[in-house]
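Colleague: Numbering (this note's numbering), first residue to last: 14 to 136.
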């Protein structure tokens, strides 16, 4: 945090109040969100939408041979995984076929909190 020189007489309660406000706001934004659950395995393919700061759904369950498509919703993002990278886009789609079972983490390099996993399992 940058010190501006103002508020030199501020007491410790100001810092505690600010922390309480941040924690309350974090709780409010998290409380309304539904927990993410893996999708049903499918061979037909699955779509993950890139929202403002999240993948929807972030975690996906798929069978080997499934093509996963990431679809942009107007915000600049990329999708990067161990074996694939979409490049930065604001619209359009990117697809990757997962042939082997395993857990494949992916993320957005522009937004460090945006992460997900494609779990590929044989039925």
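Don't be surprised by glycine CBs; every beta carbon is placed ideally from N, CA and C.
When the Cα of residue 79 is compared with those of 129, 120, 110 and 114, which residue comes out closest?
Modeller: Indexing the chain shown from 1 puts residue 79 at position 66. With distances taken between Cα atoms, residue 79 lies closest to 110.
Colleague: Pairing CB atoms from the stretch 93–107 with CB atoms from the stretch 70–79, are three or more of them under 8 Å?
Modeller: Segments in contact, no.
Colleague: I'd like the span of the beta strand (DSSP E) that includes residue 115, first residue to last.
Modeller: By one-based count along the chain shown, residue 115 stands at place 102. Unbroken beta strand (DSSP E) run through residue 115: 115–120.
Colleague: So, with DSSP's three-state summary, where would you put residue 43?
Modeller: Along the chain shown, read from residue 1 onward, the residue named residue 43 stands at position 30. Because residue 43 sits at a pLDDT of 35, beneath the cut-off of 50, its placement in the model cannot be relied upon, and the following sentence gives the value as read from the coordinates. Residue state, collapsed to three classes: helix.
Colleague: Check whether the Cβ atoms of residue 114 and residue 99 lie closer than 8 Å to each other.
Modeller: For the purposes of this step, residue 114 is taken as the residue at position 101 of the chain shown. For the purposes of this step, residue 99 is taken as the residue at position 86 of the chain shown. Cβ distance not < 8 Å, so residue 114 and residue 99 don't count as in contact.
Colleague: Look at the alpha carbon of residue 34 and the alpha carbon of residue 62, and state the distance between them as a whole number of angstroms.
Modeller: Indexing the chain shown from 1 puts residue 34 at position 21. Indexing the chain shown from 1 puts residue 62 at position 49. Low local confidence applies: a pLDDT of 32 at residue 34 is under 50, so the model's placement there is unreliable, with the coordinate-based value given in what follows. Whole-angstrom Cα-Cα distance: 31 Å.
Colleague: Under 8 Å between the Cβ atoms of residue 88 and residue 103?
Modeller: Against the chain shown, residue 88 aligns to sequence position 75. Against the chain shown, residue 103 aligns to sequence position 90. Yes, the pair counts as a contact, with Cβ atoms nearer than the cut-off.
Colleague: Compute the Euclidean distance between the alpha carbons of residue 72 and residue 64, then round it to the nearest angstrom.
Modeller: In the chain shown, the residue the question calls residue 72 occupies position 59. In the chain shown, the residue the question calls residue 64 occupies position 51. Approximately 14 Å, taken between the alpha carbons.
Colleague: Classify residue 97 as helix, strand or coil using the three-state DSSP reduction.
Modeller: Against the chain shown, residue 97 aligns to sequence position 84. Residue 97: coil per DSSP, three-state reduction.
Colleague: What does the Cβ neighbour count give for residue 126, buried or exposed, with the cut at 16 atoms within 10 Å?
Modeller: Within the chain shown, residue 126 is the residue found at index 113, counting from 1. Flag for residue 126 reads exposed.
Colleague: Go through its chain and collect everything with a Cβ distance to residue 46's Cβ below 8 Å, but skip five positions before and after it.
Modeller: Here residue 46 is taken as the residue at index 33 of the chain shown, counted from 1. Confidence at residue 46 is low in this model, with a pLDDT of 35, below 50, so its placement is unreliable and the value that follows should be read with caution. Correct list: empty, nothing qualifies.
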